[in-house]
Amino acid sequence: MSGLINNPNKIIERKPILKPANEFTMADLNTPEKPIKKAEVKSVTYSSSVRMDNHIKNQLQAMTLIGIASTQQDAIDRMLVEWRNHADEDTLKMFDLQVSMLEKKDALQYANKK
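Using my numbering, you'd call the opening residue of the sequence shown number 15 and step up by one each time.
Below is the structure:
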C-alpha cells in the first residue's frame, strides 16, 4: 500500500500470472501408485533413563563398586534374571507378553520416525 503513496499514477503494478510447470489432470488420479515397502524393524535398542530415588541409585552404585556388576545397567539386568528365576509361571507369561508388546511399540515408533 505504501507503493500508492509514492506512485504518482496511483496504479499498482501487477506481476505476471504464475502457471505450474506440470499440469495435473483427473487421469493422474486413476493410476495406482506402487506402495513403498519399508524394512520391517524387529527390535530397537536405544538409551533411556529411569527415575528412581537416591537410595536405589546408591545401592546400584554399591553393587558396581564391590564388583557384583560391571555397570549399574548390568546390576539391574542381574536382578531381573534373579527375579525371573523365582517368579511363578503365570507371572512370567504376563511379564513376557507385556515386554513383547512394549518392544513392538518401540520398533513401530522407530520405524515411523524414519
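Backbone N, C-alpha and C fix where the C-beta goes; we use that ideal spot for every residue, glycine too.
Since the structure is predicted, the reported quantities are computational estimates derived from the model, not experimental observations.
When DSSP assignments are scanned along the stretch 22-106, the uninterrupted stretches of alpha helix (DSSP H) that are 4 or more residues long and fall wholly within it turn out to be 41-44, 68-79 and 86-100. Cα atoms of Q73 and S57: separation of roughly 30 Å, rounded to the nearest angstrom. For Q86, same chain residues with a beta-carbon under 7 Å away, outside a window of 5 residues either side, are L74, Q75 and T78 in chain order. Of the candidates D102, T59 and K48, the residue whose Cα lies closest to the Cα of K118 is T59. For the set R65, I26 and E54, the Cα lying nearest the Cα of Q123 is the one of E54.
In this model, F109 and I80 are separated by some 30 Å (Cα to Cα).
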